[in-house]
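Residue numbers for the sequence shown follow this note's numbering, beginning at 98 and rising by one.
I have placed the structure first, in the form of structure tokens, so that the comments after it can refer back to it.
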Amino acid sequence: NASLESHKVLSEVMRKKRIEEERRVNEKKRRREEGIVLNAEDLENLANDVTSISVKGCDDYEKETLDLSRFTKLKELKIASKCFNYVSQVRIVGLLELQTVSIGEAAFQNNAKDCKLQIQNCPSLLSMTIGNESFKSFSQLEMSGVKSLQSITMGCGCFRDANCVMRNMESLNRVTLGDLCFEKSLHTVIESGVQYEC
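As structure tokens, then:
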């Protein structure tokens with residue numbers, strides 16, 4: 098009887114473990130289908146054809162380059178505060194359907210030399226919003242081929258030392274910059290009929 102009872106207890110423990118493992122697997126699958134990222138593994142396993150990416154946390158992403166160009170169907174990119182602090186090169190290139198980019202506060206805190214954000218050939222992009230002190234030590238912001246972009250909004254202390262080049266931005270009509278953005282920029286080019294608000 099004692100042996101039988103012990104077997105039942107063990108079976109129940111194993112059953113609960115299986116259920117929990119299935120729940121974890123299904124949760125990962127659901128997140129990846131919906132483009133929700135909680136860690137580096139989630140990001141690496143996203144399908145190339147996701148239309149929305151929402152990075153809620155990625156403390157364990159330790160690569161120097163974040164290249165989002167493989168997500169060719171992407172329409173919406175959201176990155177929460179304090180994400181990707183090891184990254185020194187960000188590439189958002191050739192995303193023909195991308196419409197919005199939103200980045201929270203204190204993201205992309207790498208202060209290595211030649212850190213760069215590159216956004217190119219995203220003709221459907223309408224707006225870009227960056228929270229306080231994100232990219233604060235990046236040395237370059239390069240944007241071109243974003244002919245539909247209408248507004249850029251940055252909080253305080255973004256791209257403090259960065260050179261800024263923005264070209265081929267025919268629709269851009271508003272740039273709102275918080276205090277200390279591009280404070281020490283040595284080279285800034287913005288080619289569009291734009292209103293500035295500082």
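Note that the Cβ used here is the ideal one computed from N, Cα and C, for glycine as well.
These figures come from a predicted structure and were not determined experimentally.
Could you have a look at residue i and say whether DSSP puts it in helix, strand or coil?
i	result
residue 213	strand
residue 122	helix
residue 101	helix
residue 147	coil
residue 286	strand
residue 108	helix
Nearest-angstrom Cα distance between residue i and residue j?
i	j	result
residue 149	residue 128	11 Å
residue 220	residue 109	56 Å
residue 116	residue 102	21 Å
residue 197	residue 223	6 Å
residue 146	residue 169	6 Å
residue 269	residue 118	49 Å
residue 215	residue 176	16 Å
Could you pull the DSSP bridge partners for residue i from this structure?
i	result
residue 152	134 and 176
residue 239	215 and 262
Please list the terminal residues of the continuous beta strand (DSSP E) segment that includes residue i.
i	result
residue 165	First-last for residue 165: undefined, no H or E at that position.
residue 266	Unbroken run through residue 266: none, as it is neither H nor E.
residue 188	186-190
residue 198	197-200
residue 224	224-227
residue 248	248-251
Within the same chain, show all residues whose beta-carbon is closer than 7 Å to that of residue i, passing over the 5 residues directly before and after it, in chain order.
i	result
residue 164	188
residue 277	253, 254 and 257
Under 6 Å Cβ to Cβ from residue i, same chain only, skipping five residues before and after it: list those, please.
i	result
residue 174	150 and 198
residue 212	185, 235 and 236
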